[in-house]
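Trainee:
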Amino acid sequence: MSAAITGEIVEREDASIRELMEIACDLVSWVDGRVSSVDVGHNHVGVHVETQDDAERLARMLSLGTVTDFPPEAGSHAFTVWSSNSGPGVQFSVFCLAELVRPVRAFPPAEPWWLGFYDGGLGTEAA
Numbered sequence: 002m003s004a005a006i007t008g009e010i011v012e013r014e015d016a017s018i019r020e021l022m023e024i025a026c027d028l029v030s031w032v033d034g035r036v037s038s039v040d041v042g043h044n045h046v047g048v049h050v051e052t053q054d055d056a057e058r059l060a061r062m063l064s065l066g067t068v069t070d071f072p073p074e075a076g077s078h079a080f081t082v083w084s085s086n087s088g089p090g091v092q093f094s095v096f097c098l099a100e101l102v103r104p105v106r107a108f109p110p111a112e113p114w115w116l117g118f119y120d121g122g123l124g125t126e127a128a
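Going letter by letter, the sequence shown gives residues 2 to 128 in this note's numbering.
So, in structure tokens, the structure goes:
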């Protein structure tokens with residue numbers, strides 16, 4: 002995994018296209034290349050996958066808290082989009098055209114598991 006997705010780049014509002022491309026490459030590798038296309042724009046990375054498993058895997062790993070279904074319209078298929086909440090930093094979207102098993106889950110950001118890990122409460126003595 003590149004430093005782009007784990008570092009401060011994700012939190013910046015001025016990520017370069019090169020940095021966004023590094024992030025896109027990370028996302029593609031997270032689903033072993035099973036991606037139909039990738040969109041990279043001004044502080045946005047969108048990934049198009051073909052299975053619900055891959056979509057939910059990326060959504061969970063990116064903590065994408067919003068999921069929206071788009072019904073079929075004349076000339077277009079139905080699809081589902083998982084997206085990050087608006088705010089500063091890089092915005093992420095995961096698109097899936099597959100027929101999905103309901104209910105579709107969103108993955109809102111949660112407190113990272115490592116917070117409090119080094120607070121002396123897990124078998125370590127405070128100095």
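Here a beta-carbon is modelled for each residue, glycine too, at the ideal position from N, C-alpha and C.
(1) Residue 19 by DSSP, collapsed to three states: which one?
(2) Which residue comes first and which comes last in the beta strand (DSSP E) that contains residue 40?
(3) Taking the alpha helix (DSSP H) that residue 54 falls in, what are its first and last residues?
(4) Measure the C-alpha to C-alpha separation of residue 66 and residue 86 and round it to an integer number of angstroms.
(5) Three-state secondary structure (DSSP) at residue 127?
(6) What are the partner residues of residue 90, as DSSP defines its beta bridges?
(7) Contact between the region 66-75 and the region 40-54: three or more CB pairs below 8 angstroms?
(8) Can you round the beta-carbon distance between residue 63 and residue 96 to whole angstroms, since I take them to be within the 8 angstroms contact cut?
Mentor: According to the data block:
(1) It is helical.
(2) Where residue 40 is concerned, the enclosing beta strand (DSSP E) starts and stops at 36-42.
(3) Start and end: 53-63.
(4) Cα-Cα distance, rounded: 7 angstroms.
(5) Because the pLDDT at residue 127 is just 46, under 50, the model does not fix this residue reliably, and the value given afterwards should be weighed accordingly. Secondary structure of residue 127 (DSSP, three-state): coil.
(6) In DSSP, residue 90 forms no bridge with anything.
(7) The region 66-75 makes no contact with the region 40-54: fewer than 3 CB pairs, one atom from each, lie closer than 8 angstroms.
(8) The pair is not a contact, with the Cβ atoms about 13 angstroms apart (cut-off 8 angstroms).
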